[in-house]
Amino acid sequence: MCSCQQHSDNAAKATTAPEDAISFRVEDMTCGHCAGTIKQAIEDQLPGTAVTADPASKLVSVVGAADFSAIRSIVAGAGYTPGADRIG
Numbered sequence: 001m002c003s004c005q006q007h008s009d010n011a012a013k014a015t016t017a018p019e020d021a022i023s024f025r026v027e028d029m030t031c032g033h034c035a036g037t038i039k040q041a042i043e044d045q046l047p048g049t050a051v052t053a054d055p056a057s058k059l060v061s062v063v064g065a066a067d068f069s070a071i072r073s074i075v076a077g078a079g080y081t082p083g084a085d086r087i088g
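Using the UniProt record's numbering, the letters of the sequence shown map in sequence onto residues 1 to 88.
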């Protein structure tokens, strides 16, 4: 989890994810630094993926990957807690 002081107090908002994406919430993604860490971890370990991570809605979307379990493992390895359920 991030220790920077740029955390957002915004409530989670509904956000539309790309139709072909694996999308899930990461409740402890609290700022842009957290989002960048998650994005980089997934894209580094799963080449060819495109990741969007929005700390305001706590939504992460991954295009170009099919293994939700592997993505969750990568996010956990980066120090965050991915939701157990896919969204959308």
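Glycine residues also receive a C-beta, built at the ideal position from the N, C-alpha and C atoms.
Next on the checklist: Please identify the residue among F68, G36 and P55 whose C-alpha is closest to the C-alpha of E27.
Outcome noted: P55
Checklist entry - Cα separation between D85 and H33? => result 23 Å
Checklist entry - Is any beta-carbon of chain E found at less than 8 Å from that of A53? => result Of the protein chains in this structure there is only one, and it is not chain E.
Next on the checklist: Quick check on DSSP: helix, strand or coil for R25?
Outcome noted: strand
Checklist entry - With DSSP run on the structure shown, which of helix, strand or coil describes A53? => result strand
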